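Okay, structure first, notes after.
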Amino acid sequence: MTLPETLLILAPALPAIAAAAIAVARPVGERSSRWAVGAASAAFAAAIVVMVVVAVGGPVAAVVEGGEGDALVGLHATRLTAFLGLLTTGVGVVVQSFASRNLQGDLRERRFFVLASLMTAATTSVAFAATLGLLCASWIVAGIALAALVTHRATWGPARRSARRTRRSLQVGDGALLVATLLAVVSVGEIDLRSPAGAAEELANASIPVLGGNVLPVVAVLLTVAGISRSALVPVHQWLPATIAAPTPVSALLHAGVVNGAGVLLVRLAPVFGSSAAATHLAFAAGAVTAWYATTVMLVRSDVKGNLAWSTAGQ
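Residue numbers (the working numbering): 11 to 325.
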């Protein structure tokens, strides 16, 4: 294994290791924040090196391949995914560095850093995933971590209600992505994201088992639903404004990273979306309606966090 491949694996692995270490060792005081920030910083440094290597020498892959050379599981960095990985790890460093001061003395500080590290690892895996299966699993883990972060103030009623709404909304998208992944795997086998265009062609030539009909439009629409849910677009938009009950570092993770999920999914699977008129029209309609509605609500909100939440949804 080459150094770039090792660094590609370390980018999501280091925050995951930090999350596990903090959860198991239960460090006291500021040590949990130091472990989390240190791991995120190292992951960011690894992502920078991967970005430079990809820009100079081309794609980097660390995958387990099947008999025909298709990826079974692993990570893959192109210029696009390396940039996405740089963003996810960079946001993790900035937010957790801020949280180390903002949450100092908070009784649930350790829990925050476990979940924030887990989310950084999961979102970085979404950026670098070489297969649809790994992307789906990482996406769901990020959603679980997000819903748990929203309940940081677990004894406060508004926080609990916000968490329930967030969990229900995200489950809609997670379920859609899971069904899309299973449908694709059953129809054509694991989707190799090293060649999204090839994946789209395979899906276009495949039929839905038992039911019949082309599998591509169904998968594309389900992926669009997953993106709509994660990015708080109409009609699954109410969960984002409800998260104003969460602490500022959680809001930072939401507004700077999580709600960009639809964009990440659309970009990573662009050939699949582009091959389905229904998915394209659905994404455009949801985005247009949300931009108009959320921006209108933002203009009449007087509270700062509510204004920011609706502004983020509108963008």
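Glycine included, C-beta positions come from ideal geometry on N, C-alpha and C. Values in this document were obtained by computation on a predicted structure and should not be read as measured data.
Nearest Cα to Ser-110 within the set Ala-304, Val-260, Val-307, Arg-278: Val-260. For Glu-119 and Gly-222, the gap between their C-alpha atoms comes out near 51 Å.
In the structure shown, Asn-317 falls within a helical segment according to DSSP collapsed to helix, strand and coil. For the pair of segments examined, the segment 153-162 was found to touch the segment 122-137: the number of CB pairs separated by less than 8 Å reaches three. Taken in chain order, the complete beta strand (DSSP E) segments of 3 or more residues contained in the segment 212-242 number zero; there are none. Under the rule that a run must span 4 or more residues, the alpha helix (DSSP H) segments found entirely inside the segment 32-83 read 41-67. Counting only residues of its own chain and dropping the five nearest sequence neighbours on each side, Pro-281 has a CB closer than 6 Å to the CB of Pro-206, Ala-207, Ala-210.
Within the same chain, Val-136, Ala-139 come within 6 Å of Leu-145 by CB-CB distance, once the 5 residues on both sides are set aside. In the displayed model, Ala-87 falls within a strand according to three-state DSSP.
Taking the C-beta atoms as reference points, Ala-173 is found no nearer than 9 Å to Val-182.
Just so you know, the alpha carbons of Arg-278 and Leu-203 end up roughly 8 Å apart.
For the 9 Å CB-CB criterion, Ala-288 and Ala-230 form a contact.
In the DSSP assignment, His-265 falls within the alpha helix (DSSP H) that extends over 258-266. DSSP lists Thr-141 as the bridge partner or partners of Asp-202.
A Cβ-Cβ separation of about 5 Å places Thr-98 in contact with Thr-134 under the 8 Å criterion. In this structure, Val-246 is the residue among Gly-39, Ser-285, Val-246, Ile-254 with its C-alpha nearest to the C-alpha of Ala-296.
Within 10 angstroms of the beta-carbon of Val-124 lie 16 or more other beta-carbons, which makes it buried. When the Cα atoms are used, Gly-84 and Val-74 turn out to be separated by approximately 6 Å. Annotation: Ala-28 to Ala-72 spans about 21 Å, alpha carbon to alpha carbon.
Annotated three-state conformation of Gln-325 is coil, per DSSP.
Per DSSP, the unbroken alpha helix (DSSP H) holding Thr-306 starts and ends at 287-310.
Comparing C-alpha distances from Ala-56 to each of Ala-33, Ile-19, Leu-82 shows the shortest one belongs to Ile-19.
By the Cβ neighbour-count rule, His-291 is exposed, with fewer than 16 other Cβ atoms within 10 Å of its own. In this structure, the alpha-carbon of Leu-17 lies about 15 Å from that of Gly-67. Listed in chain order, the non-local C-beta contacts of Tyr-303 below 7 Å within the same chain comprise Val-244, local neighbours out to five positions each way being set aside. Burial of Pro-25 is indicated by the presence of at least 16 other C-beta atoms within 10 angstroms of its C-beta. Between Val-70 and the set Glu-78, Ala-53, Arg-89, the nearest pair of CA atoms involves Arg-89. In this structure, Pro-219 is the residue among Asp-184, Arg-170, Pro-219 with its C-alpha nearest to the C-alpha of Ala-194. If you draw a 10 Å sphere on the C-beta of Arg-36, you find fewer than 16 other C-beta atoms in it, and that means exposed. Arg-163 is a Cβ neighbour of Pro-257, given a cutoff of 9 Å. With a beta-carbon spacing of about 13 Å, Leu-187 and Ala-132 fall beyond the 8 Å limit used to define contacts. Rounded to whole angstroms, the gap between the alpha carbons of Leu-275 and Leu-233 is 8 Å.
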